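For the sequence shown, this note's numbering gives the first residue as 0, with consecutive numbering after it.
Even glycine gets a Cβ: it sits at the ideal position worked out from N, Cα and C.
A quick note: this is a predicted structure, and the numbers were derived from the prediction, not measured.
Reviewing the structure listed below.
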Amino acid sequence: MDAIAQHYPQHIATLRQRSDALLAEHNLAGMVIDAGYPAAIFLDDMEYPFKANPHFKQWVPLTDNPHCMLVIRQGAKPQLLFYRPVDFWHKVAPLPTESWVEQVELIEFARLEQLLELMPQDKQQFAYIGAHADHAASLGLTLVNPKPLMDGIHFSRSIKTQYEIECMREANRIAVIGHQAARDAFMAGASEFAIQQAYLSAVGQGENQVPYGSIIALNQNSAILHYTKLEQTVPAQRLSFLIDAGAQVNGYASDITRSYAYESTGLYAELVAAMDAHQQQILAMIKPGVAYLDLHLDMHRRVAQMLNQFELASGSEQQLIDLGITKAFYPHGLGHPIGLQVHDVAGFMQSADGTEQMPPEGVTVRCTRIIEAGMVLTIEPGLYVIDSLLNDLSDEAKALLNPVRIDELRPYGGVRIEDDVVVLADGIDNLTRQFGL
Ligand code: GLY
Ligand code: MN
Ligand code: MN
Numbered sequence: 000m001d002a003i004a005q006h007y008p009q010h011i012a013t014l015r016q017r018s019d020a021l022l023a024e025h026n027l028a029g030m031v032i033d034a035g036y037p038a039a040i041f042l043d044d045m046e047y048p049f050k051a052n053p054h055f056k057q058w059v060p061l062t063d064n065p066h067c068m069l070v071i072r073q074g075a076k077p078q079l080l081f082y083r084p085v086d087f088w089h090k091v092a093p094l095p096t097e098s099w100v101e102q103v104e105l106i107e108f109a110r111l112e113q114l115l116e117l118m119p120q121d122k123q124q125f126a127y128i129g130a131h132a133d134h135a136a137s138l139g140l141t142l143v144n145p146k147p148l149m150d151g152i153h154f155s156r157s158i159k160t161q162y163e164i165e166c167m168r169e170a171n172r173i174a175v176i177g178h179q180a181a182r183d184a185f186m187a188g189a190s191e192f193a194i195q196q197a198y199l200s201a202v203g204q205g206e207n208q209v210p211y212g213s214i215i216a217l218n219q220n221s222a223i224l225h226y227t228k229l230e231q232t233v234p235a236q237r238l239s240f241l242i243d244a245g246a247q248v249n250g251y252a253s254d255i256t257r258s259y260a261y262e263s264t265g266l267y268a269e270l271v272a273a274m275d276a277h278q279q280q281i282l283a284m285i286k287p288g289v290a291y292l293d294l295h296l297d298m299h300r301r302v303a304q305m306l307n308q309f310e311l312a313s314g315s316e317q318q319l320i321d322l323g324i325t326k327a328f329y330p331h332g333l334g335h336p337i338g339l340q341v342h343d344v345a346g347f348m349q350s351a352d353g354t355e356q357m358p359p360e361g362v363t364v365r366c367t368r369i370i371e372a373g374m375v376l377t378i379e380p381g382l383y384v385i386d387s388l389l390n391d392l393s394d395e396a397k398a399l400l401n402p403v404r405i406d407e408l409r410p411y412g413g414v415r416i417e418d419d420v421v422v423l424a425d426g427i428d429n430l431t432r433q434f435g436l
C-alpha cells in the first residue's frame, strides 16, 4: 500500500475526532457536505469546469464527482452518497473500490430526487456545507455554512494530517517532473504556450486539473505577477523564464516557482542565485513559535540588501523599506498556507473562534500565524521591475533608484523562487527540493 493510502484511515479518524468535538460544541447532530456541481455558462448549454467543495475532498479523495454528498453524523461512520446516473451522454463514474472506501458507508443513488430521502431524519440538527444554498433548502437544510462551525473547521485545517502531507508530497513530486520538462523546453526555444503543453504533458494533468492556471512567462512577462496569457510566438530573444505551476493529488495542491536565466552568467543569473540563497536562508528560520509576518518583514530587509548589491537602488535598509522602495520591487507576500486550496484558509486566524489578525497597515501578506508543527506553507520571495509601482514612488524615493541598472534588468522581468514546506518540531521538510528541483 502506498504512503497516501496507508495514512488515510488515521486521517479519517482525525477528521472524525475534530468534527465530533466541533459538532458537540455547536449543538449539532451532524453536517451534510455537498461536493457541488458545475455552474452553467450564461445563455449556453456548456458548463464551467467543476471544482469540488474543499470540505468534501478533505474527507474523500474524489475531485471529479459532482452531486455526491457526505453525511457526517457525530459518532458515526461517514456516509458517502455517491451519484451514478443512468447517462449515455457522459462517462458515469464507477463505484470506488479502493481501500479508502472501507472508512465510509457507501450509498449509491441514480436520481437526484432520491437525495431528499437520503437526508437524515433529524435534518434540522444538521448544517449544510457547500456552495448551493437553494439546493440545500430544497433538501430541507436551512442552516447553511454556519460561521462558528466553519471557523472551527477552517482553523483545524491549518494542521495537516500525515495523509494530507503525503498527498502534497506527491503533488510536489509530479509538479517537479513538469518543472524539469518546462525548463528543458525553455532552453530548447519553445514559446510560452509550448512550454505549458510540455509542463502539463509531463505532469499528466489537464489545465483544469492542475490547482491554478500556470504562470509561464518569458522575458519581461515575468514581471506580471499573475501572467497567464501564454503567447504562442517565440520571442526574438530568450533572456529569462519564470514558471509558477503546480499539480494536484486527491484535491491537494502543490505551488512551485522557479526562475531561469538563459545565459548562465550576467545580472539576471546572479539575481536568481542571490534570491535562491535568501529563500533558503528564510526556510532555515522556520520553526514552531516563529511569526510568519516576521519572516515576511525580514525578506524586505533582504530585498533592500539585494537592491544595493545589484545597484538597482542605494540607501540604508530602513530608508529603502520606509520609502516603499522594497515594496515596489517586491509587492506580494512571502507566501501562504497551502492544502486543499492553493491559498489555503485560516492564514489570518488566531483561534478556532474565528479571531483574525490582519497584517499591519501597508503590509501585504496572506499569513499572520505563529508557525506550528504540521502547517504546510509556501515561501516565495520575488523581485521585479514593475514600472507602474516605480512610477508611483515619491520623488524622494525615486532619487534613490538607479535608472540605468533598472533599464538593464527590465527586459528580464523579475525573479521568484517558491517551495512548499511542512513545519516539523525542529525545522522543515521541504516537499519541493527533496525531488531535486
Ligand atoms: N501560484 C500562486 C501563488 O504562488 O500564490
Ligand atoms: Mn505560486
Ligand atoms: Mn504560492
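Three-state secondary structure assigned by DSSP to Ala272: helix
Can you list the beta strand (DSSP E) stretches of 3 or more residues lying completely in the segment 173 to 237, in chain order? 214 to 217
With distances taken between CB atoms, is the gap from Asn64 to Ala34 smaller than 8 Å? yes
Could you pull out every unbroken beta strand (DSSP E) segment of at least 3 residues lying fully inside the segment 84 to 135, listed in chain order? 104 to 108 and 125 to 128
Could you give the distance in angstroms between the alpha-carbon of Gln123 and the alpha-carbon of His178? 49 Å
Euclidean distance between Cα positions of Ile320 and Gln349: 27 Å
Residues of its chain near Ala174, where Cβ-Cβ distance is below 7 Å and the 5 sequence neighbours each way are ignored: Val202, Ala244, Gly245, Ala246, Ser253 and Ile255
Would Gly338 be called buried (16 or more neighbouring beta carbons within 10 Å of its own) or exposed? buried
Does ligand 2 have a heavy atom nearer than 7 Å to the CB of Glu24? no
Is DSSP giving Leu311 helix, strand or coil here? coil
Who are Tyr383's beta bridge partners in DSSP? Gly413
What three-state label does DSSP hand Leu14 in the structure shown? helix
Can you name the start and end residues of the alpha helix (DSSP H) that Leu408 belongs to? Pro402 to Leu408
Given Tyr267, which residues of its chain have a CB within under 6 Å of its CB, disregarding the five upstream and five downstream residues? Ser239, Ala260 and Tyr411
Check: Gly334 C-beta below 7 Å from any heavy atom of ligand 3: yes
Using 7 Å as the cut-off, classify the Cβ of Thr256 as near or not near the heavy atoms of ligand 1, replying yes or no. yes
For a test of the three-state rule: what should DSSP assign to Phe434, helix, strand or coil? helix
Taking DSSP's pairing of strands, which residues face Glu46 in a bridge? Ala39
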